[in-house]
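Structural data, given as structure tokens:
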């Protein structure tokens with residue numbers, strides 16, 4: 102069965118430090134992966150998706166099929182990056198068929 | 004554009020009562036999705052609807068849960084005879100188009116927190 106695992110519930114780093122939020126998935130088909138972010142008191146919103154191969158707000162994520170991972174990285178964290186981050190997998194069926202991980206709370210300290 | 008609107012933000016029901024959750028998609032969006040987030044869990048897909056049609060309900064529990072998206076008005080997620088295990092945050096999302104159309108980005112509402120006493 103398809104599954105998304107975010108092993109870290111909380112990740113705390115200092116401003117300017119590199120950050121990596123881990124995401125591993127389990128899916129027998131061809132995966133489509135996303136990172137969603139929820140800032141304090143705001144709605145869940147799309148951060149980036151692997152098919153776009155884009156960098157948003159300095160964040161990048163590379164799909165590694167061999168390791169079944171889609172880790173989110175940023176070389177220099179900023180305080181405004183503090184938020185909940187959710188990794189999501191779209192599997193078969195309709196476009197809304199997303200499975201989300203449990204989320205990682207990123208806290209960037211000054 | 005006010006974004007995806009969900010109401011109520013908080014809903015308290017006693018066991019056995021009915022819960023109705025409403026979702027108004029963004030203007031111009033005809034695709035609606037419902038997700039449930041249990042405590043300490045990730046969001047899980049429940050159902051995908053277009054106007055007047057259920058496209059994919061593979062994530063819906065077989066009993067007590069139903070969803071509709073009428074021609075006029077918001078989408079409704081209805082839970083009959085609620086039980087304590089239904090307590091969760093229910094999120095709605097909308098999009099203007101289908102997967103692969105280039106118009107598939109999901110926009111989420113703020114969610115409805117259902118508490119069953």
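Chains as they are written, first to last, in the working numbering: chain A, 102 to 211; chain B, 4 to 120. We treat Cβ as the ideally placed atom computed from N, Cα and C, and that holds for glycine. Since the structure is predicted, the reported quantities are computational estimates derived from the model, not experimental observations.
Neighbour-count burial assignment, residue 16 of chain B, 16 or more Cβ in a 10 Å radius: buried
First and last residue of the uninterrupted beta strand (DSSP E) at residue 208 of chain A: 205-210
Cβ neighbour criterion (16 or more within 10 Å) applied to residue 86 of chain B: exposed
Three-pair Cβ contact test at 8 Å for the region 54-74 of chain B versus the region 109-117 of chain B: no
Neighbourhood of residue 159 of chain A by C-beta distance below 6 Å, restricted to the same chain and skipping five residues each side: 175
Any beta strand (DSSP E) of 3 or more consecutive residues that is wholly inside the region 22-94 of chain B: 22-27, 34-40, 46-53, 56-59, 68-71, 78-82
Counterpart residues of residue 142 of chain A in DSSP-defined beta bridges: Answer is none; residue 142 of chain A lacks a bridge partner.
Sequence-distant residues of the same chain with beta carbon closer than 7 Å to residue 58 of chain B, five excluded per side: 51, 52
Rounded C-alpha distance that separates residue 205 of chain A from residue 81 of chain B: 30 Å
Residue 172 of chain A (DSSP reduced to helix, strand or coil): coil
Residues that residue 43 of chain B contacts on chain A, provided the C-beta gap is smaller than 8 Å: 203
Residue 183 of chain A to residue 77 of chain B span [Cα, whole Å]: 33 Å
Closer than 8 Å to chain A by CB, residue 109 of chain B: yes
Buried versus exposed call for residue 191 of chain A [16 or more other C-beta atoms within 10 Å across all chains shown]: buried
8 Å Cβ cutoff, residue 47 of chain B in contact with chain A: yes
Segment limits, beta strand (DSSP E) that includes residue 113 of chain A: 111-115
From A/150, A/152, A/122, residue whose alpha carbon lies closest to that of residue 186 of chain A: A/122
Distance between beta carbons of residue 48 of chain B and residue 56 of chain A, contact taken as under 8 Å: The structure shown has nothing for residue 56 of chain A, since chain A only spans 102 to 211.
Residue range of the unbroken beta strand (DSSP E) whose run includes residue 198 of chain A: No beta strand (DSSP E) holds residue 198 of chain A; DSSP gives it neither H nor E.
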